[in-house]
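Comments concern the structure below.
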Amino acid sequence: EAQVTQNPRYLITVTGKKLTVTCSQNMNHEYMSWYRQDPGLGLRQIYYSMNVEVTDKGDVPEGYKVSRKEKRNFPLILESPSPNQTSLYFCASRPQVSGTGSYEQYFGPGTRLTVT
Amino acid sequence: GNSVTQMEGPVTLSEEAFLTINCTYTATGYPSLFWYVQYPGEGLQLLLKATKADDKGSNKGFEATYRKETTSFHLEKGSVQVSDSAVYFCALRGSQGNLIFGKGTKLSVKP
């Protein structure tokens, strides 16, 4: 089954304790992305990756890191989490489409993070 | 810059009522437009899309038409069901191939 998986699904942690949220896709997609979803703000992009070893900042990158060492994996790293990073996080992927491609993205089930 | 504005919710309807969720956009050119749906406890799923002006996207009884004159992509359904209760997001393709989302509209359908 084609899918994007995230782990963990739920995480409660304390300020300053480094954590990693994993994301994996089995569709051989080049493009992967992380979003956070907050009430009244919708989804905002944190980081994205066009391919292996190619990453770039989205709209809200502060406090986050990513890496793309393999095509299928795109972990999100919070080196020193703070309470304002409490949110619902989604990973997404899509094939690399050029020109007028529709750029449909496939989303994981989400990770609910609480930082106390 | 590019942006999406959609009507605020929540929207509460009775089963079989007509649904409209308004969405307007600001963008350079004519980007692809999307409606995504998020059912409770799940990730986002693509509901429908339109890649050029005057295109109509449709799926599961939902429709939206890409109107460049009014820069709009309103979502409609003639007869909603309880199972349509979800959060609906309008989005456009950004210049980097990313998605730019509206804030979402929560729909609750009562039996």
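So the sequence lines, in the order shown, correspond to chains V and F. Its first residue numbered 175, the first sequence is counted upward by one per residue in the working numbering. Its first residue numbered 72, the second sequence is counted upward by one per residue in the working numbering. For each residue, glycine too, the CB sits at the ideal point set by N, CA and C. Computed from a predicted model, the values in this text were never measured in an experiment.
Taking C-alpha positions only, V/G237 is separated from V/D230 by approximately 14 Å. For F/N169, the neighbours in chain V by C-beta distance under 8 Å run, in chain order, S207, Q219, Y222 and G232. F/I171 has its alpha-carbon roughly 6 Å from the corresponding atom of F/R164. F/T176 is classed as buried because its beta carbon has at least 16 other beta carbons within 10 Å across all chains shown. Counting along the chain, V/Q180 sits inside the beta strand (DSSP E) bounded by residues V178 to N181. By the criterion of a C-beta distance shorter than 6 Å, F/E113 is surrounded by no residue of its chain, once the five residues flanking it on both sides are discounted. If you check the CB distance, V/S267 and V/R242 do not come in under 8 Å. At a beta-carbon threshold of 7 Å, the residues of chain V lying near F/L117 are E278, ordered along the chain. Chain F places a beta carbon closer than 8 Å to that of V/L215, counting this residue as a contact.
Chain V has no Cβ within less than 8 Å of the Cβ of F/E134. One Cα belongs to F/V180, the other to F/S85, and the distance between them is close to 5 Å. Taking a cut-off of 8 Å for Cβ pairs, the segment 102-109 of chain F and the segment 120-130 of chain F touch, as three or more such pairs fall below it.
Take the alpha-carbon of F/F133 and the one of V/R246: they are about 33 Å apart.
Using a Cβ distance threshold of 8 Å, V/L262 and V/T194 do not count as a contacting pair.
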